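Everything below concerns the one structure shown next.
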Amino acid sequence: MPYDAIIIGASIIDIPAGPVDASVFSTGSHPVDRLAFQVGGDAINEATVLSHLGADIKLVSKIGSDPGGDFILQHCSRHRIDTSSIVRDPSMDTGINIVLIEKNGERSFITSRSGGLRQLKPEDIDLSVFSESSLLCFASIFVFPYFQNDDLVRIFSKAKEHGMTLCADMTKCKNKETTEDIREALSYLDFVFPNLEEAQMVTRKEDPDEAADAFLDCGVKHAVIKLGKQGCLIKSRSERIIVPAVPDAVCLDTTGAGDNFAAGFLYGLIKKQPLYECGRLANETAARCIARMGATAWIE
Ligand code: ADP
Ligand code: NA
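Just so you know, we're using UniProt numbering here: the sequence shown kicks off at 1 and counts up by one.
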């Protein structure tokens, strides 16, 4: 197989700026400690980390024919990520998030309404590439408004026809969706990676174990719930594993912690590691991420 994993999802530009406060509108010029231009989005974050860990990755994504899109392709080439399935659409702007960071770490986002973050459509995905790997990760469910249950079912069932191990990350549901709304899509998943809040929102269960069970009831083979400084819960029909987080981890910025976690877990799967070790790799990778500002700053 040419690729260890295929990652489908968003690739955008992040511009973090801070610390700032409301006085930014009254000061003619506002010097800040940090102002950077970097890639962002679940899929490119996961691809970048996996490639750094040593995996061969194909990224399936959508960008504009603009300088932001050029920057993303340069980043991929620097990190040896295959871009042959990235769609360039001259009619759209590559997504840009300006991230205003307050002194206390709170973030406010300025996003372009027409930008690329949510522009990926089912028809942008060339399903024939599924023969090029045995592992697929969709990053992430609920990011893309054009992907409804039926679209996910079409893509996920094709991946299973190719015998792929199928994973999906998740964000907060956008329209109060429940697991019932995406039940059929979930039934194809071997692994799902929500954080506790995302799992609670979509399953309507407070308790991590009950939330995990709700995913299993839909046919997900393994629910992997990220529990912040508690680490993670991995649950299947036959196993229940808690993997503690890295103790006393330096936590400066949790942006991208979930994406790094997913990448670490996927790397464990690629290396055919047992579940506990996959969780340990995931926690360890996330801990590296949170010690630095930015999702992938630790590997730049
Ligand atoms: P997300 O980043 O998606 O919101 P979490 O907040 O649960 O999800 O964090 C993802 C992972 O990052 C956790 O499962 C854990 O491995 C790691 N992590 C987050 N916060 C800490 C912390 N304070 N100490 C150690 N690890 C952490
Ligand atoms: Na996440």
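Note that the Cβ used here is the ideal one computed from N, Cα and C, for glycine as well.
Model, not experiment: these values are computed from the prediction.
Given this structure, state the Cα-to-Cα distance separating Gly231 from Thr27, to the nearest angstrom. For this step, residue 231 is matched to residue 231 along the sequence shown. For this step, residue 27 is matched to residue 27 along the sequence shown. Those two C-alpha atoms are separated by around 42 Å.
Rounded to the nearest angstrom, how far is the Cβ of Leu50 from that of Leu189, given a contact under 8 Å? Taking the first residue of the sequence shown as 1, we reach residue 50 at position 50. Taking the first residue of the sequence shown as 1, we reach residue 189 at position 189. At roughly 19 Å, the Cβ-Cβ gap does not stay under 8 Å, so Leu50 and Leu189 are not in contact.
If we count Cβ pairs, one from each stretch, closer than 8 Å, do we get three or more for the stretch 5–21 versus the stretch 98–105? yes
Less than 7 Å between the beta carbons of Val153 and Thr179, yes or no? The sequence position of residue 153 within the sequence shown is 153, counting from 1. The sequence position of residue 179 within the sequence shown is 179, counting from 1. No, the Cβ-Cβ distance between Val153 and Thr179 is not below 7 Å.
Going straight from the alpha carbon of Lys121 to that of Val224, what length do you get? Taking the sequence shown and counting its residues from 1, one reaches residue 121 at position 121. Taking the sequence shown and counting its residues from 1, one reaches residue 224 at position 224. Distance between the alpha carbons of Lys121 and Val224: 26 Å.
Is the closest heavy atom of the ligand ADP to the C-beta of Phe130 under 6 Å? Within the sequence shown, residue 130 is the residue found at index 130, counting from 1. Phe130: no, Cβ never under 6 Å from the ligand ADP.
Alpha carbon to alpha carbon, what distance is there between Val129 and Ile7? For the purposes of this step, residue 7 is taken as the residue at position 7 of the sequence shown. For the purposes of this step, residue 129 is taken as the residue at position 129 of the sequence shown. Distance between the alpha carbons of Ile7 and Val129 is about 11 Å.
Pairs of beta-carbons, one from the stretch 91–98 and one from the stretch 112–127, closer than 8 Å: are there three or more? Taking one beta carbon from each stretch, the stretch 91–98 and the stretch 112–127 have 3 or more pairs nearer than 8 Å; the two touch.
Contiguous alpha helix (DSSP H) assignments of at least 4 residues, all confined to the stretch 234–284: 257–270
On a Cα-Cα basis, can you pick out the residue from Asn283, Asp217, Leu35 and Leu269 that is closest to Pro247? Taking the sequence shown and counting its residues from 1, one reaches residue 247 at position 247. The shortest C-alpha separation from Pro247 is found at Asn283.
Flag this pair as yes or no: are the beta carbons of His52 and Ile299 separated by less than 7 Å? In the sequence shown, the residue the question calls residue 52 occupies position 52. In the sequence shown, the residue the question calls residue 299 occupies position 299. Cβ distance < 7 Å, so His52 and Ile299 count as in contact.
Between the beta-carbon of Glu218 and the beta-carbon of Ala257, is there less than 7 Å? Position 218 of the sequence shown, counted from the start, is the residue given in the question as residue 218. Position 257 of the sequence shown, counted from the start, is the residue given in the question as residue 257. One detail in the question is off: residue 218 reads as Cys in this sequence, not Glu. No, they are not a contact pair.
Just to confirm before moving on: does the CB-CB distance between Ala139 and Ala291 stay below 7 Å? Here residue 139 corresponds to residue number 139 of the sequence shown, with the count starting at 1. Here residue 291 corresponds to residue number 291 of the sequence shown, with the count starting at 1. No, the Cβ-Cβ distance between Ala139 and Ala291 is not below 7 Å.
Let me know the secondary structure DSSP gives Thr203 once reduced to three states. Mapped onto the sequence shown, residue 203 falls at position 203. In this structure, Thr203 counts as helix in the three-state DSSP scheme.
Within a Cβ cutoff of 6 Å, which residues of the same chain sit near Glu132, ignoring the five residues on either side of it in sequence? In the sequence shown, counting from the first residue as 1, residue 132 sits at position 132. Same-chain partners within the cutoff: Pro2 and Tyr3.
Taking C-alpha atoms, which residue in Ala55, Phe37, His162 and Lys58 lies nearest to Val99? Numbered from its first residue, the sequence shown carries residue 99 at position 99. When each option's Cα is compared against that of Val99, the closest is Phe37.
In this structure, how does DSSP classify Phe138 when only helix, strand and coil are distinguished? Locating residue 138 in the sequence shown gives position 138, counting from the first residue. Three-state result, Phe138: strand.
Residues whose Cβ lies closer than 6 Å to any heavy atom of the ligand ADP, in chain order: Here the list is Asn195, Lys226, Leu227, Gly228, Lys229, Gly231, Cys232, Ala245, Val246, Ala249, Cys251, Thr254, Ala257, Gly258, Phe261, Asn283, Ala286, Ala287 and Ile290.
Taking DSSP as the reference, what is the three-state secondary structure of Lys58? Along the sequence shown, read from residue 1 onward, the residue named residue 58 stands at position 58. The answer is strand: DSSP assigns Lys58 an E or B state.
Please confirm whether Ile125 and Val60 have their CB atoms less than 7 Å apart. The sequence position of residue 125 within the sequence shown is 125, counting from 1. The sequence position of residue 60 within the sequence shown is 60, counting from 1. Cβ distance < 7 Å, so Ile125 and Val60 count as in contact.
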